[in-house]
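Asker: As numbered in the numbering used here, residues -15 to 329 make up the sequence shown, in order. Even for Gly, the Cβ is constructed at its ideal location relative to N, Cα and C. Computed from a prediction, not measured in an experiment: that's the story for all the values here.
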Amino acid sequence: MKFYRRRWPRRFHNLRCMPERKDSSSASGERDFVIIFPSAQTMDFDQLTTFVYVAKLKSFSRAGQKVFRSQSAVSAQIRQLEQAYKARLLDRSAKSVELTPAGEVLFEYAEKLLRLRDESIQLVADRGNVVQGPIVFGANEATCLYLLPGIFAEFQRRYPLVHISIYRNFSHKILQRVEDGSVDVGIVTLPIKSPNLKVHHIYKDRLRFMVSSQNPLAHRSKITLAEVAEQPLIFPRTGFTRQVLDKLFRPYRSRIHVTMELPSIGMIKRFVAADAGVSFISESFARDQVKAGEVKLLTVEGLDLWRELGLVYRRDRSLPRAAQALIGLIREHRKLAEPGEAAAS
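#1: Looking only at its own chain, which residues have a Cβ that is under 8 Å from the Cβ of Lys206, when we skip the five neighbours before and after it?
#2: Relative to the alpha-carbon of Pro216, which residue among Lys96, Gly117, Gly261 and Ser45 has its alpha-carbon at the smallest distance?
#3: Excluding the 5 residues flanking Leu303 on each side, which residues of the same chain have their C-beta closer than 8 Å to its C-beta?
#4: Taking only the alpha-carbon atoms, compute the straight-line gap between Ile252 and Phe139 and give it to the nearest angstrom.
#5: What did DSSP end up calling Val146 once you bin it into helix, strand or coil?
#6: Looking at the unbroken beta strand (DSSP E) that takes in Gly117, where does it start and where does it end?
#7: By the 10 Å Cβ neighbour count, where 16 or more other Cβ atoms means buried, how is His184 classified, buried or exposed?
#8: Would DSSP call Arg190 helix, strand or coil?
#9: Mapping the DSSP letters down to three states, classify Ile314 as helix, strand or coil.
#10: With 8 Å set as the bound, which would you pick, yes or no: does the beta-carbon of Trp290 sit closer than that to a beta-carbon of chain B?
#11: Have a look at the DSSP bridge pairing and note the partners of Met244.
#12: Which same chain residues end up closer than 8 Å to Gln55 when comparing Cβ atoms and leaving out the 5 residues on each side of it in sequence?
#13: Is the beta carbon of Leu293 closer than 8 Å to that of Leu174?
#14: How long is the line joining the alpha carbons of Val108 and Leu145, rounded to whole angstroms?
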């Protein structure tokens, strides 16, 4: 074997070369060499997990709490990553931590790698006969309170080895989390426009006008919108119903009197029951209060307002068996969509 003395470019000075095994020698008798990059040996999922938490929380100490490490240990992991990539990944200041341009690139790939790792672990586990593992499920507060408890209770009886984590937020936030893969399955208000998501229509609920049983209007079954506009109104602070009401009362903007804006359906029901005002609510959310005689639901003449919910998940993602089982149970329980719409996609 002949040796030639050659000066390597400076960018290769930190690489190691090692010969292949003897049985891989070429026909000429010369042996091939393999270049080993240090970064491939020093990066691991543990470091990437820490990096993602630091980037999301913009704090070394809070990231340390998530990964159960001291702040100094977190700093050491980030330094190792920066050495492996030979780039500064984070800008550290007294107030916060921000991603550098190089860090933004790594953050995108790190999330994908960690997601693929979790999916592979779950899919391999799914090869067994037992449905198990974690599910991250997204829904807003009202859906969590009034639609899901019975379904989730039955699901836990059927599949006790599945752990469900609830991400509670507005529909647009849930859609973002489903798209980026941090939420497996979500229930959102329809319609939505995203070619990346699979949608199953599962639930339709009518919006009704709600008054206290003590209110003089409670003896009536119908009311006009002009009459509603004269009442002391209680509006939800945000969300789908608020958007509908803002649009509905736009022609009466100068006449309506919104006495309160409340952050939850539960609070709205309590205040209406106490006759502090009137409001609109999804019919199923007030079922218990109507049954108890606390409130009365009226029909507004000429109005036919509906709230429709759908199950969403990513088209390109292989869902674990646990998530598939939960989707099946929800669709089995919620058959309130119109005929032909229950499994639209």
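Answerer: The relevant details are as follows:
#1: Leu282, Thr283, Val284 and Glu285
#2: Gly261
#3: Asp168, Val169, Tyr297 and Ile311
#4: 30 Å
#5: strand
#6: Gly117 to Ala123
#7: buried
#8: strand
#9: helix
#10: Any reference to chain B falls outside this structure, which holds one protein chain only.
#11: Ile218
#12: Phe44, Ser45 and Gly48
#13: yes
#14: 16 Å
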